[in-house]
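2 protein chains.
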Amino acid sequence: MTRLQPRRPTAKSRSEDPMPIAPTAPSREARKQLTRGQLMAGALDLMGAGRGFSSLSLREVTRAAGVVPASFYRHFRDLDELGLALVEQSGVTLRHLLRDVRRDGVPLTDMLRKSVLIYKQHVESHRLHFLFIAGERGGGSPVIRTAIRAEESHFAAEMVQDMRALGLLPALSSETLRMLCGLVVTTMINAATDILDLPPKAPRAERELVDNFVRQLRLIFLGAAVWRERL
Amino acid sequence: MTRLQPRRPTAKSRSEDPMPIAPTAPSREARKQLTRGQLMAGALDLMGAGRGFSSLSLREVTRAAGVVPASFYRHFRDLDELGLALVEQSGVTLRHLLRDVRRDGVPLTDMLRKSVLIYKQHVESHRLHFLFIAGERGGGSPVIRTAIRAEESHFAAEMVQDMRALGLLPALSSETLRMLCGLVVTTMINAATDILDLPPKAPRAERELVDNFVRQLRLIFLGAAVWRERL
DNA sequence: CCGTTGAGTGAACATACGTTTACTCAACAT
DNA sequence: ATGTTGAGTAAACGTATGTTCACTCAACGG
Chain A
342 MTRLQPRRPT AKSRSEDPMP IAPTAPSREA RKQLTRGQLM AGALDLMGAG RGFSSLSLRE
402 VTRAAGVVPA SFYRHFRDLD ELGLALVEQS GVTLRHLLRD VRRDGVPLTD MLRKSVLIYK
462 QHVESHRLHF LFIAGERGGG SPVIRTAIRA EESHFAAEMV QDMRALGLLP ALSSETLRML
522 CGLVVTTMIN AATDILDLPP KAPRAERELV DNFVRQLRLI FLGAAVWRER L
Chain B
342 MTRLQPRRPT AKSRSEDPMP IAPTAPSREA RKQLTRGQLM AGALDLMGAG RGFSSLSLRE
402 VTRAAGVVPA SFYRHFRDLD ELGLALVEQS GVTLRHLLRD VRRDGVPLTD MLRKSVLIYK
462 QHVESHRLHF LFIAGERGGG SPVIRTAIRA EESHFAAEMV QDMRALGLLP ALSSETLRML
522 CGLVVTTMIN AATDILDLPP KAPRAERELV DNFVRQLRLI FLGAAVWRER L
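Going down the list, the sequences are from chains A and B.
Counting from 1 along the first sequence, just add 341 to a position and that's the residue number in the working numbering.
Counting from 1 along the second sequence, just add 341 to a position and that's the residue number in the working numbering.
See below:
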């Protein structure tokens with residue numbers, strides 16, 4: 342079964358972009374990337390159904406992707422390699438969070454609560470990626486865990502830069518700022534698990550979760566504000 | 342293959358504790374608990390080799406326990422039930438930490454650093470339990486994750502009581518204290534993963550890890566100390 | 001236009017899996 | 001002493017797994 346039947350034996354076949362409408366068949370490379378994406382998406386979908394990545398089998402991933410098992414090897418050596426690709430993809434999603442926050446600018450009033458709500462929205466609209474990060478960052482394959490920690494570390498480093506650029510907490514040393522952001526990141530990712538576990542249509546639990554999260558961050562930044570380097 | 346060959350067809354068989362030396366064969370129930378423990382230990386051992394719990398198969402768990410697959414069903418309905426037993430067992434280990442800290446008393450000078458070192462030691466001497474908690478608390482089976490979160494919550498609640506009993510941070514409301522302890526617990530468990538991932542014989546990385554952990558806690562408690570309820 | 005390339009196929013394999021079944025035989029209650 | 005009980009066994013089952021192979025046939029490059 343070919344997933345995308347070719348529209349025509351060969352379209353015009355002369356011009357590079359022959360017709361704006363009724364476009365040329367997708368290039369070979371594009372198709373390959375598409376299948377690759379289907380494999381990654383298939384794995385994420387299975388995890389979305391409450392499965393750990395390390396419990397997935399190659400065959401069910403290919404099944405979820407709508408592809409025969411042997412095709413898998415055209416894209417990845419084994420499941421770990423697929424996992425690493427997912428880490429990278431999730432890392433991009435993670436960095437988009439910072440980009441969005443930068444774009445919107447940080448409000449001066451009720452900064453924390455608003456950031457938390459942005460974050461919550463981000464987690465919900467990329468639930469599979471956050472599910473993957475939060476789920477595999479602690480356990481499973483050491484190689485994947487390590488890759489996720491590296492991605493986290495990268496994220497924290499970017500957050501340090503952003504705070505410097507915004508002139509937030511200028512009294513803190515870079516080292517301390519780094520420690521602060523590390524703490525904030527782990528708190529965020531922990532909250533992600535809570536957000537993803539929220540039962541649907543439970544505004545009460547939702548409010549409590551957000552409140553708790555905001556208060557934790559408030560406590561942390563309060564500590565940061567009174568921090569003295571040589572303690 | 343019978344794991345514990347009976348010492349004698351039937352020992353004295355009259356007295357309840359017939360001989361202090363050359364003791365009576367273990368009771369039926371005792372043997373059963375022993376096998377059950379071997380199954381749980383087998384699963385933990387496999388996880389110690391860098392495997393996620395959800396990736397374990399029933400057969401390899403029984404293999405690691407030195408028992409035939411069918412025996413498994415005498416003890417657990419399925420692997421999830423075994424997992425829940427592990428959560429409970431790990432919860433006990435977790436509570437022992439508080440008990441030990443209570444027994445030693447909390448030092449007044451360099452309180453945080455000393456507590457961190459006690460914790461680090463505790464994690465290292467119960468590495469499989471902490472590996473299990475840290476590994477399954479985020480991902481894998483939802484039922485196990487939920488059970489772990491409940492255990493964590495219980496732990497945090499006990500920590501609140503202890504702080505009240507010690508008169509620490511008396512100005513904080515119970516709600517805030519609860520939030521504080523929740524934050525401390527997630528920070529602790531996150532640190533556990535780092536501790537367990539420490540390469541052996543790397544005192545440099547070890548010191549950095551401890552330092553970072555201490556500074557994070559210092560920041561948190563600094564924030565707690567200046568917290569005002571109606572902010 | 002036509003030969004090469006390589007993503008996706010379908011079949012086959014050896015192995016591992018979860019679960020059930022009838023069994024043994026020591027500990028137990030009587 | 002004797003019959004019951006139940007933890008652990010050995011074997012068998014149907015199914016799922018990872019990996020390999022020769023294949024097809026559309027996009028590609030000359």
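All C-beta atoms in this analysis are idealised placements derived from N, C-alpha and C, irrespective of residue type, glycine included.
Proximal chain B residues relative to Arg478 of chain A, where beta-carbon distance stays under 7 Å: What Arg478 of chain A touches in chain B: Gly479.
Cβ neighbour criterion (16 or more within 10 Å) applied to Arg486 of chain B: Label assigned to Arg486 of chain B: buried.
I'd like to know whether the C-beta of Arg377 of chain B is nearer than 9 Å to at least one C-beta of chain A. With 9 Å as the cut-off, Arg377 of chain B does not count as an interface residue toward chain A.
Identify which residue in A:Met381, A:Leu380, A:Val567 has its Cα closest to the Cα of Leu510 of chain A. Residue A:Val567 is the option with its Cα nearest to Leu510 of chain A.
Is it the case that the segment 467-476 of chain B contacts the segment 513-529 of chain B, given that we only count it when at least three CB pairs across the two stretches are under 8 Å? As far as the Cβ criterion goes, the segment 513-529 of chain B does not touch the segment 467-476 of chain B, which means the pair count is below three.
What would DSSP say about Asp535 of chain A, mapped onto helix, strand or coil? Three-state result, Asp535 of chain A: helix.
Determine, using beta carbons only, whether Asp386 of chain B comes closer than 9 Å to chain A. No, no contact with chain A.
Closer than 7 Å by C-beta to Glu401 of chain A: which residues in its own chain qualify, once you throw out the five before and the five after it? Chain order, please. Excluding residues within five positions, the ones whose Cβ falls inside 7 Å are Leu387.
Would you check if there are 3 or more beta carbon pairs closer than 8 Å linking the segment 496-506 of chain A to the segment 435-450 of chain A? With three or more CB-CB distances shorter than 8 Å, the segment 496-506 of chain A counts as touching the segment 435-450 of chain A.
Express the C-alpha separation of Arg369 of chain A and Ala411 of chain A in angstroms, rounding to a whole number. For Ala411 of chain A and Arg369 of chain A, the distance between alpha carbons rounds to 18 Å.
Check Val447 of chain B in the structure and name its three-state DSSP category. Correct three-state label for Val447 of chain B: coil.
Measure the C-alpha to C-alpha separation of Ala497 of chain B and Asn531 of chain B and round it to an integer number of angstroms. Ala497 of chain B and Asn531 of chain B: Cα-Cα distance of roughly 15 Å.
For the alpha helix (DSSP H) containing Val555 of chain A, list its first residue and its last residue. Boundaries of the alpha helix (DSSP H) around Val555 of chain A: 544-567.
From Phe413 of chain A to Leu375 of chain A, what does the alpha carbon distance come to, in whole angstroms? When only Cα atoms are considered, Phe413 of chain A and Leu375 of chain A end up about 13 Å apart.
Gly383 of chain A in three-state terms, based on DSSP: Three-state result, Gly383 of chain A: helix.
So with CB distances below 8 Å, who are the chain A contacts of Ser396 of chain B? Within chain A, the residues near Ser396 of chain B are Gly393, Ser395, Ser396, Gly481.
Short Cβ contact (9 Å threshold) for Asn553 of chain A with Met452 of chain B: In terms of Cβ geometry, Asn553 of chain A and Met452 of chain B do not form a close pair [threshold 9 Å].
In terms of residues, what are the limits of the alpha helix (DSSP H) holding Arg478 of chain A? Careful: Arg478 of chain A lies outside any alpha helix (DSSP H) and carries neither H nor E.
Any idea what DSSP makes of His416 of chain B, helix, strand or coil? Coil, per DSSP.
Distance, Val409 of chain A Cα to Arg348 of chain A Cα: Confidence at Arg348 of chain A is low in this model, with a pLDDT of 37, below 50, so the placement of that residue is unreliable and no value is reported for it.
Anyone know if the C-beta pair for Gly389 of chain A and Arg468 of chain A falls short of 9 Å? Cβ distance < 9 Å, so Gly389 of chain A and Arg468 of chain A count as in contact.
From Arg454 of chain A to Arg404 of chain A, what distance separates their C-alpha atoms? Take the alpha-carbon of Arg454 of chain A and the one of Arg404 of chain A: they are about 42 Å apart.
Pick out whichever of A:Arg377, A:Asp538, A:His495 has its Cα sitting closest to the Cα of Lys461 of chain A. In this structure, A:Asp538 is the residue among A:Arg377, A:Asp538, A:His495 with its C-alpha nearest to the C-alpha of Lys461 of chain A.
Since Leu399 of chain A meets chain B, which of its residues come closer than 7 Å, beta carbon to beta carbon? Ordered by position in chain B, no residue passes the 7 Å Cβ test against Leu399 of chain A, which lies about 13 Å from the chain.
Let me check understanding here. Comparing Cα to Cα, which of B:Phe394, B:Ala406, B:Arg392 lies closest to Arg383 of chain B? Sequence check: residue 383 of chain B is Gly here, not Arg. Ranked by Cα distance from Gly383 of chain B, the first of B:Phe394, B:Ala406, B:Arg392 is B:Ala406.
Give the range of the alpha helix (DSSP H) segment to which His463 of chain B is assigned. Per DSSP, the unbroken alpha helix (DSSP H) holding His463 of chain B starts and ends at 452-466.
Note down, in chain order, each residue of its chain lying with its Cβ closer than 6 Å to the Cβ of Leu518 of chain B, except the 5 sequence neighbours on either side. Val501, listed in sequence order.
Examine chain A for any beta-carbon lying closer than 9 Å to the beta-carbon of Leu509 of chain B, and answer yes or no. No - not a single Cβ of chain A is within 9 Å of the one on Leu509 of chain B.
How is Arg306 of chain B classed by DSSP in three states: helix, strand or coil? Lying before the first or after the last residue shown, residue 306 of chain B is absent from chain B, which here runs from 342 to 572.
I'd like the list of long-range same chain contacts for Asp421 of chain A, defined as Cβ closer than 8 Å, with 5 residues on each side in sequence excluded. Its chain contains Ser482, Val484, Ile485 as the residues whose beta carbon lies nearer than 8 Å to that of Asp421 of chain A, once the 5 sequence neighbours on both sides are disregarded; these appear in chain order.
Val464 of chain B to Ala533 of chain B span [Cα, whole Å]: Roughly 7 Å between the two C-alpha positions.
Mind checking whether the beta-carbon of Gly378 of chain A lies closer than 8 Å to any heavy atom of the ligand PLP? The ligand PLP is absent from the structure shown, which contains no ligands of any kind.
So, using beta-carbon positions, are Leu425 of chain A and Ala488 of chain A closer together than 9 Å? Cβ atoms of Leu425 of chain A and Ala488 of chain A: closer than 9 Å.
Three-state secondary structure (DSSP) at Leu435 of chain A? The answer is helix: DSSP assigns Leu435 of chain A an H, G or I state.
Rounded to whole angstroms, how far is the Cβ of Gly393 of chain A from the Cβ of Ser395 of chain B, which I believe are closer than 8 Å? Indeed, because the Cβ distance is near 4 Å, the residues count as touching under 8 Å.
Measuring only between beta-carbons, confirm whether Arg418 of chain A sits less than 9 Å from chain B. So, not an interface residue.
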